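The block underneath contains the structure these notes are about, expressed in structure tokens.
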Amino acid sequence: MLPLSIKDDEYKPAKFNLFVKLSGWFRSILADKTSRNLFFFLCLNLSFAFVELLYGIWSNSLGLISDSFHMFFDCTALLAGLAASVISRWRSNDSFSYGYVRAEVIAGFVNGLFLIFTAFFIFSEGVERALEPPDVHHERLLPVSIAGLLVNLVGIFVFQHGGHGHSHGGEGVFLHIVADTLGSVGVIISAILMQKYDLMIADPICSMLISILIGVSVVPLLRESIGILMQRTPPSLDQTLPECYQRVQQLQGVYNLQEPHFWTLCTDVYIGTLKLLVAPDADSRWILSQTHNIFTQVGVRQLYVQIDVAAM
Amino acid sequence: MACAPNRVRLLCMLSLTFGFFIVEVVVSRVTSSLAMLSDSFHMLSDVIALVVALVAVRFAEQTQSTNKNTFGWIRAEVMGALVNAVFLTALCFTIILEAIERFTEPHEIEKPEVVIGVGAAGLLVNLFGLCLFHGHAGGGGHGHSHGGHGHSHGGHKKHKNGKVRRCETLEDSRSAGEETNNLVGNQNNSPNGVNPDRTTAGKSEMCHSDSLDLQINGSAPYEELENGHDSASQLNMRGVFLHVLGDALGSVIVVINAIIFILVWNPCKPGEVCENPCVGQHCADHSLNISSEVTEGAKIAGPCWVLYLDPTLCVIMVCILLYTTYPLLKESALILLQTVPKQIDMHQLNAGLRKLEGVLAVHELHIWQLAGSRIIATAHIKCHDPTSYMDVAKRIKDFFHDEGIHATTIQPEFVTMNSDSRTSLCELSCRTQCAPKLCCGAADAVKPPDEAVDAKISCEAKTPTVTSTSATSLEIISESVEETSRPESIVIMTREVESSL
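From first to last, the protein sequence lines stand for chains A and B. Taking full-length UniProt numbering as reference, the numbering of the first sequence is continuous, increasing by one, and the terminal residue is 312. Taking full-length UniProt numbering as reference, the numbering of the second sequence is continuous, increasing by one, and the terminal residue is 501.
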């Protein structure tokens, strides 16, 4: 049997493929602006976390060590966002007929969940510290938290375009950076309070306030991504869809419009299915094209219209 | 009903766990033990996981489709599973954090007897929860086999059910989701049986007369619905089970640690001169005054390795948890990513569809899982003309039914009079500007060069060219008017462009 392919690299050994794959990912990361920014910010965050960890181990400050772990935790969120932006660009294949575009929505959702968990964790630690205030060495904490704040401000500046109106993955990352910034701000404020006024209670109160703020800010993102993942009708179409249904039902030959399902695949990509009950002498082709036209005007590009002929 | 016991189980476990959380908080205040307080927060996260699962189950019971959620709320179960899996992962991270902190600064356990008592009680609660949820998580597998049986035997009955339900949708002009109702789960109805309560007397005559004539285009059999619901909630329950398992392991570790501590550790009793070489070695924060003159009789606090047992066990537990949580995370994420369900082979399906009589081409075939065993498929099918279409449609629907896909929407595309040989092109394709948005037009490899002129017309500026043509030569939107007058003959495209999938 002759070989089916003339390409020789199909028969290359597997270990070359890994390198090729990695460099392929690298290229695709660097190609897009958003993922490039994400990648560099991730590197920045990671290196800062390492620096903080080493400094904390060297100076035996538990606060610094735990803060560095918090930054590592954030890096995983950034990694998730980066992975999502790479994955969502993969082509569709047999298992994923729509491609991987939903990855961004899921990444945004997971980031939101992580944020809620972080807020909960910070709140519980705040409660613990309020009941039993540990000895906090603020003179070491202040310069490091200021440096952390600077890093996060860089992140906000870089990602502010990806904040609103953009993909959910980007929004999740942005919120995460904002939360981190709020954390640094809170630490700085409490450190200043503790130095000036010797208010040991400031630390836990600040952390509790920050955790509440984080939790509240993440709710819109969660609601949106839950809506998409639950196959909810796209909110932007809520007003226009009933008019479209009416127009379709007024077409000649259409008796009834049944089971409309409209949902969001990812940002701005809407998919719809519906069933039309038509008269036996109706012009199906014309009805089909008119229906498609009506819905394309509201932004639903992928529409599946099933025609059921009522034989009477 | 499988769902009600789920809810009962969840409520039962929820109240137990919440009560235990309160107990732990009180004990921690009484004994002023910080470890107990942090453990109580772990319990609280368990409570939250149970609440999430309960909310998901509650939502998923509202299977009526609403205006906003046309598929109903079935997906809530998958979401609940994902949320629980993510929470578990985050919890594992924080446990690792705390374990590493303990490695650098080992603590002695204060009041180990109290810790043993509370730990054992927590273990009991968690073991009880494990029994509660293990039974269900394993029993969900049966649901599938029932569905399989019902499938092979109930072929005729399915159609009969479908006919009656179809009638009911006739009267309801705003029947948004009647079939989805049936698809999504109407637990009041008995499987394999027509429920007479659903039709009123006046409508039933119309129903019976129409049912024979009405062409049915697919409806979900009842027996699939309940089993689908089971396997969806199975995912949710698995998440809860894993969470309870994690907590149980945590309690086991606490108890083991405290027991070994009591048996092996020689503490520094107050009033004695003794050294504690384990604590305070690396930590400059607490500077222990270790006196250099150690008398012969001075005691040295017990073997140091005991203090490192706790974080080590924690790390092992985290590994176990992550290993068991990963499949759940992957499965729920894949469903939400609109994957083709793993039991379905797209190639085979596509080939089978194309072999059906009357089917010229298949475009834009998408199959995805709503939740559990509810699978939804959509496709464009190209066929010759509208008169033969209804038979073809029935055959297609039967084909999908045999595969286990019951909610299908098939859009027919009819060959235009003059270009009946261009079978592979989408008749209603988008413009190329829409092509990146996953339309099938982008994937067609071979296009006649004249069609390049269509590419420039934007999506919004689509004017219906239908009005300008006569009824016999119908025009479709994606082709410009002048093409129909060209009497060219285009090579028959017999091979479907696979990449359009």
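In this text, a Cβ means the ideal position worked out from N, Cα and C, and glycines have one as well. Fair warning: this is a prediction, and the values are worked out from it, not measured in the lab.
How about residue i and residue j: do their beta carbons lie closer than 8 Å?
i               : j               : result
F262 of chain A : V305 of chain A : no
G126 of chain A : A107 of chain A : no
D74 of chain A  : N111 of chain A : no
L249 of chain B : I320 of chain B : yes
V254 of chain B : P303 of chain B : no
V178 of chain A : I156 of chain A : yes
L79 of chain A  : F41 of chain A  : no
G239 of chain B : L127 of chain B : no
D46 of chain B  : T17 of chain B  : yes
A99 of chain B  : V315 of chain B : yes
F87 of chain A  : Y100 of chain A : Sequence inspection shows Ile at residue 87 of chain A; the Phe mentioned does not correspond to that position. Their beta carbons are under 8 Å apart, which means I87 of chain A touches Y100 of chain A by this criterion.
S373 of chain B : L82 of chain B  : no
F69 of chain A  : L97 of chain B  : yes
V260 of chain B : L309 of chain B : A small fix is needed here, since residue 260 of chain B is Ile in this sequence, not Val. It is a contact, given that the beta carbons lie within the stated cut-off.
R89 of chain A  : S23 of chain A  : no
L251 of chain A : I287 of chain A : yes
L54 of chain B  : R7 of chain B   : yes
T181 of chain A : L149 of chain A : yes
R75 of chain B  : L370 of chain B : yes
S40 of chain B  : V25 of chain B  : yes
With distances taken Cα to Cα, identify the nearest neighbour of residue i among the options.
i               : options                           : result
R36 of chain A  : A:F159, A:F123, A:Y100 and A:L241 : A:F159
V269 of chain A : A:R129, A:E128 and A:L303         : A:L303
H384 of chain B : B:L263, B:A393, B:I335 and B:T378 : B:A393
Y323 of chain B : B:L16, B:L37, B:L88 and B:I48     : B:L88
S95 of chain A  : B:F41, B:V340, B:Y326 and B:T387  : B:V340
Q297 of chain A : A:T240, A:V51 and A:F69           : A:T240
N257 of chain B : B:N266, B:K330, B:I116 and B:L123 : B:I116
E364 of chain B : A:S289, A:N293, A:T273 and A:A311 : A:T273
M237 of chain B : B:T387, B:P106, B:V359 and B:F133 : B:F133
I335 of chain B : B:A49, B:G352, B:L44 and B:E77    : B:E77
L235 of chain B : B:L10, B:V27 and B:G80            : B:G80
G170 of chain A : A:P235, A:L30, A:T118 and A:A103  : A:A103
H406 of chain B : B:E413, B:K397, B:F414 and B:P412 : B:K397
P220 of chain A : A:V278, A:N17 and A:F109          : A:F109
Give a yes or no on whether 8 Å exceeds the smallest Cβ distance from residue i to chain B.
i               : result
R27 of chain A  : no
T273 of chain A : yes
Q250 of chain A : no
L53 of chain A  : no
A103 of chain A : yes
Q239 of chain A : no
G163 of chain A : Unreliable positioning characterises G163 of chain A in this predicted model, as indicated by a pLDDT of 49, which lies under 50. The coordinate reading is nonetheless provided below. Chain B, which has no Cβ nearer than 8 Å to the Cβ of G163 of chain A, makes this no.
T233 of chain A : yes
I307 of chain A : yes
F295 of chain A : no
D94 of chain A  : yes
F174 of chain A : no
L113 of chain A : yes
E171 of chain A : no
V298 of chain A : no
Nearest chain A C-beta to residue i closer than 8 Å, yes or no?
i               : result
A76 of chain B  : yes
N69 of chain B  : yes
L37 of chain B  : yes
F87 of chain B  : yes
D213 of chain B : No answer about D213 of chain B holds up, because its pLDDT of 39 lies below 50 and its placement is not dependable.
N266 of chain B : no
L54 of chain B  : no
M390 of chain B : yes
Next on the checklist: Give me the subset of the segment 301-326 of chain B whose CB atoms are less than 8 Å from a CB atom of chain A, sorted by chain position.
Outcome noted: Taking 8 Å as the upper bound on Cβ-Cβ separation, chain A lies near no residue of the segment 301-326 of chain B.
Checklist entry - Where are the beta strand (DSSP E) runs, 3 residues long or more, that stay fully inside the segment 221-290 of chain A, in chain order? => result With a minimum length of 3 residues, the continuous beta strand (DSSP E) runs that stay inside the segment 221-290 of chain A are 254-266 and 269-278.
Checklist entry - Mind listing which residues of the segment 37-51 of chain A have their C-beta closer than 8 Å to chain B's C-betas, in chain order? => result The residues in question: there are none.
Next on the checklist: Please identify, using Cβ separations under 8 Å, the residues of the segment 89-118 of chain B that lie next to chain A, in order along the chain.
Outcome noted: Flagged, chain order: A90, L91, F93, T94, L97, I100, E101, T104 and E105.
Checklist entry - Going along the chain, which residues of the segment 332-349 of chain B sit with their C-beta nearer than 7 Å to a C-beta in chain A? => result Listed in sequence order: A333, L336, L337, Q338, T339, V340, M346 and H347.
Next on the checklist: List, from N- to C-terminal side, the beta strand (DSSP E) runs of 3 residues or more that fit wholly inside the segment 15-60 of chain A.
Outcome noted: Note on the segment 15-60 of chain A: there is no whole beta strand (DSSP E) run with a minimum of 3 residues.
Checklist entry - Residues in the segment 251-266 of chain A with C-beta within 8 Å of chain B's C-beta atoms, listed in sequence order? => result Those residues of the segment 251-266 of chain A placed with their C-beta closer than 8 Å to a C-beta in chain B are N256, Q258, E259, P260, H261, F262, W263 and L265, ordered along the chain.
Next on the checklist: For a minimum of 4 consecutive residues, which ranges assigned as the alpha helix (DSSP H) are wholly contained in the UniProt domain "Cation efflux protein cytoplasmic" (341-411) of chain B?
Outcome noted: Fully enclosed alpha helix (DSSP H) runs of 4 or longer: 346-355 and 386-403.
Checklist entry - Can you list, in chain order, the residues of the segment 190-209 of chain A whose Cβ is nearer than 7 Å to any Cβ on chain B? => result Taking 7 Å as the Cβ-Cβ cut-off against chain B, none of the residues of the segment 190-209 of chain A qualify.
Item to check | Within 9 Å of chain A by C-beta, residues of the segment 8-20 of chain B in sequence order | outcome: Flagged: no residues at all.
Item to check | Interface positions of the segment 401-415 of chain B facing chain A (Cβ-Cβ less than 7 Å), listed along the chain | outcome: Listed by position along the chain: T409, I410, Q411, P412 and F414.
Item to check | 4-residue-minimum alpha helix (DSSP H) runs that sit fully inside the segment 143-216 of chain A, ordered along the chain | outcome: The DSSP assignment places complete alpha helix (DSSP H) segments of no fewer than 4 residues inside the segment 143-216 of chain A at 168-197, in order along the chain.
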